[in-house]
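Report on the following structure.
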Amino acid sequence: MMMRLSSIIPLLAEEGWMRRAQRRRRRGGQTGPNVFAELLLRLRPIGLALRATPPLRGGEFCLYLFAILIGAVSSAFAQVSEPPSLQFARPQGPAAPPPVITLQDALERAKQVDAPYHLAIADAAVAREDRVQAKSALLPTASHTTQYLGTQGNGRAPSGRFVTNDGVHVYRSWGIVHQDINPNTFYKSSYRRAQAAEALAAAKVEIAQRGLAVTVTRNYYALVTSQRKYATAQQSFQQAQRFLEITQQQENAGQVAHSDVVKAQVQYEQQRQGLQEAMLGMENTRLNLAVLLFPELNENFTVVDDLDSARTLPPFSEVQTMAGNQNPDIRVAQEALRQATQDVRIAQNALLPSLAIDGNYGIEANAFALHSVVAAAPQYGPLPNLGYYVVGNFTLPVFDWGIRRSKIRQAQTREQQARVELTQVQRQLLGNLYLFYNEALTARSAVDGLRRAADLAAESLRLIVLRYQAGESTALEVVDAQNTLVQARNAYDDAQTRYRVALATLQTVTGAF
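Residue numbers (the working numbering): 258 to 770.
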């Protein structure tokens, strides 16, 4: 009785059994290898390679089958080396369960701890108080003062040794109302300048917020991408490990040369190193994001992988409209010009006259009382002390060696520079609008193309491995297909992150959409 050995083995390793074996290998939480699945996986390439063998007699067939089964079973029970593990130095975090942080959560956390953003908020608060003070300076002020003037006596005159005083003891207790009436009061130049400064500071807060959103988005999705790359590196390491086992088995069966084993060993070591680099990259991106999100460095958190649910890019006409209406950089330049214009007005107002009025009400007497005897005229007896007097001060600038004119020229120079900066910002805004939109458009197109490329690379690797097991492909083609799959998947992940960052960058010009 004669039969082909290759006609038995494919029956043992038929497609249905193979699929179940592969599912068992991929099942999460499995603590050990499934021996029967491993046996089938190892029998299939041997059976395919032996299809061309001549028919064997019964005794020879049993010997061959026994030898193959022994080798396959021992290979199935062999320990599979674990992926490399590095013990990185990590900051000590709380023992609580790790919080799940979405992108919106990350943005809110970053606002609470980011120093430049808080500096912009503080500047806006200071500018708001400056505006309040400038408005109050336009209104009258009220105050009260109490004084005692003690003068050395001369023994004869009641006024003492200082002729300006009415007695040795003088008491003053006044309520004072003061009002400045000058060009700034009428034109409100200082108040309008403070309003411009407040609006400028508020626009800078929005700029800081949008810039922080770009930074957080970039670091958030850098962590998501690094986690994906780590998963890809793990899978690539397992594929390289599996390919090394296949080449060793086929070398033992005399089907391939030792050079294939060497090539598989080189690929295994490269993928092993790539897995360690992916672990390092994931650790670095987690640290970078933790610095942005937590007041105390803490890596105990997880992020949500929502790269596949990115928002749609609006049409350019809509983006252009939003950029014209909601751009804080334009507002900063406009308010800076408005501020410089008010500086010119303030400098010009210094050439005009001003008036200051003080109204005083109270007592100035030789006794701290409502009625008392005047020391210089005791013959009149007690007199009322309570009363008022008004002081008006009119100031007319005449000559100051050109100082005021020089200040006007300085203010005009700054105003002209602010105009130039405004036009520059407008041109830069228009350029950035086209630049950022085209970047987002290209990134979105790259996502679609690289998704197809990653799928094709995975299918290509599957087919090439099957061809290699059948003896129709070389080890070099398998290695090249493995590397191509890693590159395609990493490029796809990078493209998704690039699109997310491009959208966030575009929103620095347009605002949220």
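By construction, the Cβ of each residue, glycine as well, lies at the ideal position given by its N, Cα and C atoms. Bear in mind the structure is a predicted one, so any value in this text is a computation, not a measurement.
Extent of the continuous alpha helix (DSSP H) to which residue i belongs
i    : result
R581 : The question names Arg, but residue 581 in the sequence shown is Gly. First-last of the alpha helix (DSSP H) with G581: 573-583.
F443 : 440-444
S416 : Here S416 belongs to no alpha helix (DSSP H), and DSSP marks it neither H nor E.
Q361 : 360-370
Nearest-angstrom Cβ-Cβ length linking residue i and residue j, presumed shorter than 8 Å
i    : j    : result
T482 : V357 : The pair is not a contact, with the Cβ atoms about 18 Å apart (cut-off 8 Å).
I438 : H401 : With a Cβ gap of about 22 Å, I438 and H401 do not count as contacting.
V462 : A381 : 5 Å
A521 : F500 : 5 Å
T765 : G531 : 35 Å between Cβ atoms; not a contact.
A607 : R661 : 5 Å
H426 : T398 : That belief does not hold up - the Cβ atoms of H426 and T398 are roughly 30 Å apart, past 8 Å.
Q726 : I464 : In fact, because the Cβ distance is near 59 Å, the residues do not count as touching under 8 Å.
E564 : Y478 : Sequence check: residue 564 is Leu here, not Glu. Indeed they touch by this definition, with Cβ atoms about 7 Å apart.
H628 : L612 : 35 Å between Cβ atoms; not a contact.
A700 : A759 : 5 Å
P552 : V389 : Not confirmed; about 31 Å, so no contact.
Residue i classed as buried or exposed, judged by whether at least 16 other C-beta atoms fall within 10 angstroms
i    : result
E386 : exposed
S234 : With the chain represented from 258 up to 770, any question about residue 234 goes unanswered, as that position is not in the structure.
L763 : buried
D423 : buried
R666 : exposed
Q404 : exposed
P396 : The displayed chain sequence assigns Leu, not Pro, to residue 396. Its Cβ having fewer than 16 others within 10 Å, L396 is exposed.
F656 : exposed
L742 : buried
L364 : buried
E716 : exposed
F443 : exposed
A490 : buried
I303 : Per-residue confidence for I303 stands at a pLDDT of 48, beneath the threshold of 50, marking its modelled position as unreliable; no derived number is given.
N584 : buried
A634 : exposed
G649 : exposed
G417 : buried
D750 : buried
Y694 : buried
L305 : Confidence in L305 is poor, its pLDDT being 44 and thus under 50, which makes the residue's placement unreliable; the coordinate value appears in the next sentence. Under this definition L305 is a buried residue.
N642 : buried
N747 : buried
A379 : exposed
R413 : exposed
L733 : exposed
L376 : exposed
N- and C-terminal bounds of the beta strand (DSSP E) containing residue i
i    : result
V630 : 628-630
Q404 : 398-407
Proximal residues to residue i (C-beta, below 8 Å), its chain only, five neighbours per side dropped
i    : result
D600 : R450, A668, R671, E672
Q739 : S493, Q496, A497, F500, Q524, Q528, L718
R429 : T402, T403, Q404, Y405, L406, G619, I620, E621
P654 : A607, L608, L609, P610, R661
M539 : L480, S483, Q484, K486, Y487
A367 : Y374, L469, T472, V473, L549, L550
I603 : N441, S446, S447, R450, A668
E508 : A514, H515, D517, V518
S709 : It is worth fixing the name first, because residue 709 is Arg in this sequence and not Ser. Excluding positions up to five away in sequence, the list is empty.
Residues near residue i in its chain [Cβ-Cβ closer than 7 Å; skip 5 each side]
i    : result
S730 : I721, R724
S331 : Bear in mind that the predicted position of S331 carries a pLDDT of just 41, short of 50, making it unreliable; the figure below should be weighed with that in mind. Counting only Cβ-Cβ distances below 7 Å, and skipping sequence neighbours, we find nothing.
Y448 : A391, K392, L395
I587 : V682, Q683, L686
V735 : F500, I721, V722, Y725
Contacts around residue i, its chain only, beta-carbon distance under 6 Å, and the 5 residues preceding and following it disregarded
i    : result
V704 : A752, Q753, Y756
A597 : R671, E672, A675
E678 : A590
T767 : V576, M579, A580
V561 : T359
G638 : none
A384 : A454, E455, A458
F770 : P571
A535 : K486, Y487, A490
Q | Runs of alpha helix (DSSP H) wholly within the segment 494-573 (minimum 4 residues, chain order) | A | List check, alpha helix (DSSP H) in window: 515-550.
Q: Can you check the segment 581-663 for any beta strand (DSSP E) of at least 3 residues that lies completely inside it and give the ranges in chain order?
A: Entirely contained in the segment 581-663, the beta strand (DSSP E) runs reaching 3 residues are, in chain order, 611-622, 628-630, 639-641, 644-652.
Q | Segments assigned alpha helix (DSSP H), at least 4 residues, entirely inside the segment 705-756 | A | The segment 705-756 contains no whole alpha helix (DSSP H) run of 4 or more residues.
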